[in-house]
Amino acid sequence: MNDTVRPDSTQHFETEFTTDVDDANCALVLEFKGNGTVKVEHLSLVALEEEKIVGNVNADGKFDIADVVLLQKWILAIPDVKLADWKAADLCKDNRLDVFDLCLMKRELLYQNI
Ligand SMILES: [Ca+2]
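Quick note on numbering: the sequence shown equals residues 8 to 121 in my numbering.
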């Protein structure tokens, strides 16, 4: 933003920033140029809800075969299998995970690759 704030006035700025979770160098910098004094009265950083990826049960940012395999292992009660985001696998939208969700995930994956 390169907006100018006139003396004795207040200006409201609002913008969205998106960064990759792996970006350790991400920073929000406020830089003031010129003469005078600027006071920052309110600065709010609000984390917006991440857009959910349907089927992304391992929460790695994409829906792929790894999610299907993970859900299948979980349904088979293989020890130490944990779902990072079980709601992402609830494709039936009935607040439970079962083989019907797995079937829909497989179908969804097939449609993605057509
Ligand atoms: Ca995934």
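For each residue, glycine too, the CB sits at the ideal point set by N, CA and C.
Distance cut-off 8 Å: residue i Cβ against heavy atoms of ligand 1
i	result
Ile60	yes
Val69	Note that residue 69 corresponds to Lys in the displayed sequence, not to Val. Yes, the Cβ of Lys69 comes within 8 Å of a heavy atom of ligand 1.
Ala34	no
Val64	yes
Asp74	yes
Residue i - containing alpha helix (DSSP H), residue span
i	result
Ala73	Ile72 to Ile82
Leu116	Val106 to Gln119
C-beta atoms of residue i and residue j nearer than 9 Å
i	j	result
Asp92	Ala54	no
Ala167	Leu117	No answer is possible for residue 167: it lies beyond the span of the chain, which begins at 8 and ends at 121.
Leu35	Val47	no
Reduced DSSP secondary structure (H/G/I, E/B, other) of residue i
i	result
Ala95	helix
Cβ separation of residue i and residue j, assumed to be a contact under 8 Å, to the nearest whole Å
i	j	result
Phe70	Ile60	5 Å
Val88	Lys113	Contact flag wrong, Cβ pair sits at about 17 Å.
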